[in-house]
Ligand SMILES: C[S@@+](CC[C@H](N)C(=O)[O-])C[C@H]1O[C@@H](n2cnc3c(N)ncnc32)[C@H](O)[C@@H]1O
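Residue numbers (the numbering used here): 62 to 405.
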């Protein structure tokens, strides 16, 4: 879809895992990647900005794998014990469930502390943190996000945490990574093409908004990156700043504005209006707040719809990446996902 626009620079406005930006970079586009989350900035620096050969990081990753584990802040909150060797029951004596086994959170405590002690440059630090997050993902006891944990230890949670060099490459172009609200930067981005994949919240009124918020789903990634020992709340021990009262994105809003339009729909309208790019690819989920009719209105008021493609995840190679599986499964099961190509 992007090929037919003849563009060479792409703005990925809601970059998340940065896997779309990575695909654009691999196809020789220059990418500006933005997301409101800490983890997307870390992934972006690791994959899109790094210019060193992956082997450069061998020594660092090897060193981190050999740090002596200890029981620290993460273990005391997120590490669980295996009490019954005859079953996989993960319920702790106080009734809580945990995302990792103690042996692995002890490694997390030690590696995270060491990353700060090493005083790395921002890119090396991002490579180390990405490697740590990917390694933790391989031994977790969750359904792919951190809004609840499993009653029974997953088979992989018994494995030992081991860091590997992420699948990076040496970037040639000057890609850029921004961390912020889309509306703070959209007016200054001069890319030919913008790709917008905002969170679509939910059109299910019974679903509490916090259940579908990215900041709530991935709160532990934020804490690992910031290493700021935040106050926690709730059964899944979320950061206080991811509670419904503090954290919200207009795109995840489920309420209506005074105009009668949904706030989330108005935000999409504003997004298309304020974009400085000649071309926009907008990802749309049928399970989101905006109906197809409302979305069509937003597109036609601000540009011209050139193409619509239904995304078939079964044919999408990225779908095999386990750590983005939760997002993909969600949309594949419940909703349909579309890409709209818009000419401004
Ligand atoms: C559907 S996900 C994007 C997934 C991404 N395309 C990928 O492949 O990994 C939506 C992203 O929007 C981010 N987000 C939410 N509100 C935002 C805002 N106001 N400005 C920028 N990013 C925002 C979330 O942190 C989340 O990563």
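Just so you know, even glycine gets a beta-carbon here, dropped at the ideal spot from N, CA and C. Fair warning: this is a prediction, and the values are worked out from it, not measured in the lab.
Query: Status (buried if at least 16 other CB within 10 Å, exposed otherwise) for residue 271; Result: Summary for residue 271: the model assigns pLDDT 41, below 50, so the residue's position carries little reliability; its value from the coordinates is reported in the next sentence. Classification for residue 271: buried.
Query: Sub-8 Å separation of residue 119 and residue 194 beta-carbons; Result: no
Query: Cβ-based neighbour list, residue 126, same chain, cut-off 7 Å, excluding 5 preceding and 5 following; Result: 223, 224
Query: Coarse secondary structure for residue 337, derived from DSSP in three states; Result: coil
Query: Reduced DSSP category for residue 186 - H, G, I as helix; E, B as strand; rest coil; Result: helix
Query: Option in 88, 274, 279 with minimal Cα separation from residue 232; Result: 88
Query: Nearest residue (CA-CA) to residue 210, options 401, 288, 355, 160; Result: 160
Query: Residues bridged to residue 345 [DSSP beta-bridge criterion]; Result: 399
Query: Residue 247 beta carbon less than 8 Å from that of residue 74; Result: yes
Query: beta-carbon residue 342 near ligand 1 non-hydrogen atom, thresh 7 Å; Result: no
Query: Rounded distance between the beta-carbons of residue 135 and residue 182, thought under 8 Å; Result: That belief does not hold up - the Cβ atoms of residue 182 and residue 135 are roughly 24 Å apart, past 8 Å.
Query: Residue 124 to residue 358 span [Cα, whole Å]; Result: 55 Å
Query: Distance CB(residue 93)-CB(residue 252) smaller than 8 Å; Result: yes
Query: Cβ-Cβ distance between residue 61 and residue 234 below 8 Å; Result: Outside the displayed range of the chain (62 to 405) lies residue 61, so it cannot be described from this structure.
Query: Spatial distance of residue 401 from residue 323 (CA atoms); Result: 20 Å
Query: For residue 275, the nearest candidate out of 403, 319, 297, 303 (CA to CA); Result: 303
Query: Cα-Cα separation between residue 378 and residue 69, rounded to whole angstroms; Result: Confidence at residue 378 is low in this model, with a pLDDT of 33, below 50, so the placement of that residue should be treated as unreliable; the coordinate-derived value is given next. Cα-Cα distance, rounded: 23 Å.
Query: Cutoff 7 Å; reference residue 203; Cβ partners in own chain excluding five residues on either side; Result: 160, 210, 211
Query: 8 Å contact criterion, which residue 109 and residue 236 should meet: CB distance rounded; Result: 4 Å
Query: Buried or exposed by the 16-neighbour rule on C-beta atoms within 10 Å, applied to residue 259; Result: buried
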